[in-house]
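**Student:** Take this structure first; my questions come after.
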Amino acid sequence: MDGTAGPPRTAALRGIPLCCPGDGRLLLQAEAGLLCSHCGTCYPAPGGVPVLIHDARSAFAIADYIGGAGYEGAAYGRAADAASGPRRWWRRLARALGDAPSSIRHPGPEAALGYVAALRPSPRVLVVGSGGLRLGGPADCVVQIDVAFAPGVDAIADGHDLPFPDGTFDLVVAVAVLEHVADPQRCVAEIRRVLAPGGHVHAVTPFLQPVHMGAYDFTRFTPIGHRRLFRGFDEVAAGIALGTGSVAASTLRGALLSVSSRRWWRVLAGSAALLATPVLRRLDRWLPNGADAASACWFFGRRREGDPVSDRALVGSYREGFGMGPLSLPRPPSRTAEAASPIAPPKSRT
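Here the numbering used here is used: position 13 in the sequence shown is 818, and no number is missing along the way.
Right, dumping it as structure tokens:
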């Protein structure tokens, strides 16, 4: 990433206003980046990508992104692309094996976008922790944020303080994100805040998975714990994203690698685990225990108005709502049945 400061790529943000992550006031465009006229903070835009981090409340710091890479995060394939010869092909093969699909075909972000688009034409979408995820087409209003520079990322932002006005988006997507934040409840509260009335969230979060990304891996959720995390939403659909076979694949890799720290063994053991991963993931749908032994869960819900879902109701719904889940989202209600009116112009936080 070019460390040279420049004007933010406002065109990529589709005209969506940006707010100061510290006090929520609208930001003004300045020569060096974006300026908060209330607190006086100037947020730089190296390479045209605004860095909207609140240093006092974040694990990241603006200074790290100026003249450097900042947090580099997951590789997003860059390691494989930087290699050459046989190593390049091996890394690409390893990535393909490690990303082998599960036999559980749960509805993904594209299905969520299709559901919301059927309710509201030209929906505004926020992808939190976008990484390598590409959602929608060129004509869609999709804003992608992350804490690492990556292709397609429109802004560097921390999910604990989303730099957008209240009620800005129709859909927020957070895939493999909430395990990497220090305070997931606060992040989900931010997701709810930036959603318009009647807006939707789509999230996929690990349950039984080993630590990944080191110090930036904080939390796991049981299926009912994941539902409670989104108690400010009415459930449209939910289920298992990765099942017991995927748990077996990750456990096998961890067990083999723990035998020895010698390089030759780690290469051999890691290769064996990768070769077993596609086979074990194909067993996800056919192994027993369902959600109680899932590798990851997904949730798709509609912003709830009024009181959140009570813990008593959540506990009472356990056996009914935490099975394998549907293979597709239900048919969305007609637009005339939508309780929410068309989105009003967003307001800044005060």
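Even for Gly, the Cβ is constructed at its ideal location relative to N, Cα and C.
CB-CB under 6 Å to S908, same chain, minus the five flanking residues each way: which ones, in chain order?
**Tutor:** So the list reads R1087, D1089 and R1090, once near-sequence residues are dropped.
**Student:** Which ranges does the beta strand (DSSP E) cover as unbroken runs of at least 3 residues, wholly within the stretch 900-960, from first to last along the chain?
**Tutor:** DSSP runs (the beta strand (DSSP E)) wholly in the stretch 900-960: 929-933 and 946-951.
**Student:** Relative to the C-alpha of G942, which candidate in I821, V930 and P891 has its C-alpha closest?
**Tutor:** The shortest Cα separation from G942 among I821, V930 and P891 belongs to V930.
**Student:** Out of G903, H843 and D966, which has the shortest C-alpha to C-alpha gap to I858?
**Tutor:** Minimum Cα distance to I858 is reached at D966.
**Student:** Could you pull the start and end residues of the beta strand (DSSP E) that W1103 belongs to?
**Tutor:** It spans A1101 to R1108 - the beta strand (DSSP E) in which W1103 sits, taken as one unbroken run.
**Student:** Specify, as a first and last residue, the run of the beta strand (DSSP E) that L1005 falls within.
**Tutor:** Checking the displayed sequence, the identity of residue 1005 turns out to be His instead of Leu. Element bounds for H1005: L1000 to P1011.
**Student:** Given a cut-off of 8 Å, decide if V1006 and I996 are closer than it, judged by their beta-carbon atoms.
**Tutor:** Yes.
**Student:** Using only CA atoms, which one of D1097, P1002, P1135 and Q1014 lies nearest to R1109?
**Tutor:** Residue P1002 is the option with its Cα nearest to R1109.
**Student:** Tell me the rounded alpha-carbon separation between G838 and A1099.
**Tutor:** Straight-line Cα distance between these residues: approximately 44 Å.
**Student:** The alpha helix (DSSP H) spanning A1020 covers which residue range?
**Tutor:** Taken as a continuous stretch (DSSP letters only), A1020 belongs to no alpha helix (DSSP H), as it is neither H nor E.
**Student:** So for I867, helix, strand or coil by DSSP?
**Tutor:** Helix.
**Student:** Taking 8 Å as the threshold (C-beta atoms), are A1101 and F1012 in contact?
**Tutor:** It is a contact, given that the beta carbons lie within the stated cut-off.
**Student:** Which ranges does the alpha helix (DSSP H) cover as unbroken runs of at least 4 residues, wholly within the stretch 1040-1104, from first to last along the chain?
**Tutor:** With a minimum length of 4 residues, the continuous alpha helix (DSSP H) runs that stay inside the stretch 1040-1104 are 1049-1062 and 1068-1086.
**Student:** Of the residues V958, F1104, Y1123 and L1119, which one's Cα is nearest the Cα of L1134?
**Tutor:** Of V958, F1104, Y1123 and L1119, the residue nearest in Cα terms is F1104.
**Student:** Return yes when the Cβ of V856 is within less than 8 Å of the Cβ of I867, no when it is not.
**Tutor:** Closer than 8 Å, so yes.
**Student:** Using only the alpha-carbon positions, how far apart do F954 and A905 sit?
**Tutor:** Each residue's Cα considered, the two are about 25 Å apart.
**Student:** Nearest to A850 by alpha carbon, out of D1116, S1063 and V958?
**Tutor:** Taking only the C-alpha atoms, the option nearest A850 is V958.
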